[in-house]
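A.B. asks:
Numbering (the working numbering), first residue to last: 1 to 263.
Structure (structure tokens):
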């Protein structure tokens, strides 16, 4: 994104020079339609780059992770990159993913975050490339309204491979641990403490569709220092039965996690 700004500035400069040359030509007035169009176009480009422009506050990041996997038992010796995840195997959990994150920060303090992750993200089960798409709107200095499709706040085993502390996910990640939610809620941050709550569709495990009944998701976090943080995460909601013919059940999921960074 940073490389695009000098290009636009050069474009504005070129258009300004072109407009000046047109005005300087014999028989060409500054009031001609062409010179006015050049001036108007230059002003519009400058407005896009300004502090209140559409392009201001946008940041783009991402990565690609083509991975070579060898497994003699399963007769695998190949590169994996963005391939379909069915049937589900360990090498489809995070290996070989593509991730693109677009964040827009508004002048009022709100943010919009869109994550694209084909065939590896939370939308892979329904053929969507959207891993997450959510907004934050500050109401006061400490309280914000949040909503959209967002990853679970469990604090362990994120979907993207760059955040993994282990080589692969465990079985809880694929078949039991909450993965993402779609809903609306609030976030309070004061001092070292953060409280998050969300009312959303029932939890979506990484490879199961939503049952679409309300679920309460919550997280209480504390960061007493820059190197140490801990939190309690939980969900209460309905989930489809694990066996055919059984009805939905109410499940409670809670975990405690802590993070320490040395140095």
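The beta carbon of each residue, even a glycine, is placed where N, CA and C say it ideally should be. Owing to the predicted nature of the structure, the values given are computational and were not obtained by experimental measurement.
#1: Report the residue from 72, 133, 80 whose alpha carbon sits nearest the alpha carbon of residue 101.
#2: Considering only residues of the same chain and omitting the five flanking positions on each side of residue 40, which have a CB-CB separation below 8 Å?
#3: According to the neighbour-count rule (16 or more other Cβ atoms, all chains shown, within 10 Å of its Cβ), is residue 74 buried or exposed?
#4: Taking the alpha-carbon positions, what's the residue 267 to residue 229 distance?
#5: Excluding five sequence neighbours on each side, which residues of the same chain lie with their C-beta closer than 7 Å to the C-beta of residue 68?
#6: Tell me the start and end of each unbroken beta strand (DSSP E) in the region 102-145 that is at least 3 residues and wholly inside, in chain order.
#7: Does DSSP put residue 214 in a helix, a strand or coil?
#8: Let me know if residue 277 comes out buried or exposed under the rule of 16 or more other beta-carbons within 10 Å of its beta-carbon.
#9: Given this structure, state the Cα-to-Cα distance separating residue 192 from residue 145, to the nearest angstrom.
#10: Mind checking which residues open and close the beta strand (DSSP E) that includes residue 164?
#11: Along the beta strand (DSSP E) that carries residue 252, what are the first and last residues, could you check?
#12: For the beta strand (DSSP E) holding residue 323, just list the boundary residues, first then last.
#13: Out of 234, 162, 219, which has the shortest C-alpha to C-alpha gap to residue 95?
#14: Quick check on DSSP: helix, strand or coil for residue 42?
#15: If you run the structure through DSSP and keep just helix, strand and coil, what is residue 74?
C.D. replies: Reading from the atomic positions:
#1: As a working note, residue 101 is residue 101 in the chain shown. Nearest to residue 101 by alpha-carbon distance, out of 72, 133, 80, is 133.
#2: Reading the chain shown from its first residue, position 40 is the one you call residue 40. If we look at residue 40 and ignore the five residues flanking it on each side, it has no Cβ neighbours.
#3: What you label residue 74 is simply residue 74 of the chain shown in a count that begins at 1. Looking at its Cβ environment, which holds fewer than 16 other Cβ atoms inside 10 Å, residue 74 is exposed.
#4: Missing from the structure shown is residue 267; the chain here goes from 1 to 263 and no further.
#5: Taking the first residue of the chain shown as 1, we reach residue 68 at position 68. The residues 79, in chain order, have a CB closer than 7 Å to that of residue 68 in the same chain once the five nearest residues on each side in sequence are set aside.
#6: 111-116, 130-138
#7: Counted from its first residue, the chain shown places residue 214 at position 214. Residue 214 falls in the strand class under three-state DSSP.
#8: Nothing about residue 277 can be read from this structure; the chain reaches only from 1 to 263.
#9: The residue you call residue 192 lines up with position 192 of the chain shown. The residue you call residue 145 lines up with position 145 of the chain shown. When rounded, the distance between both Cα atoms is 19 Å.
#10: Locating residue 164 in the chain shown gives position 164, counting from the first residue. No beta strand (DSSP E) contains residue 164, which DSSP labels as neither H nor E.
#11: In the chain shown, residue 252 corresponds to position 252, counting from 1. Start and end: 249-260.
#12: What is shown of the chain runs 1 to 263, which leaves residue 323 out entirely.
#13: Start at 1 with the first residue of the chain shown, and residue 95 comes out as number 95. Closest by alpha carbon: 162.
#14: Residue numbering aside, residue 42 sits at position 42 when the chain shown is read from its first letter. Correct three-state label for residue 42: helix.
#15: Residue mapping note: residue 74 aligns to position 74 of the chain shown, counting from 1. Looking at residue 74 - three-state DSSP - the assignment turns out to be coil, as it is neither helix nor strand.
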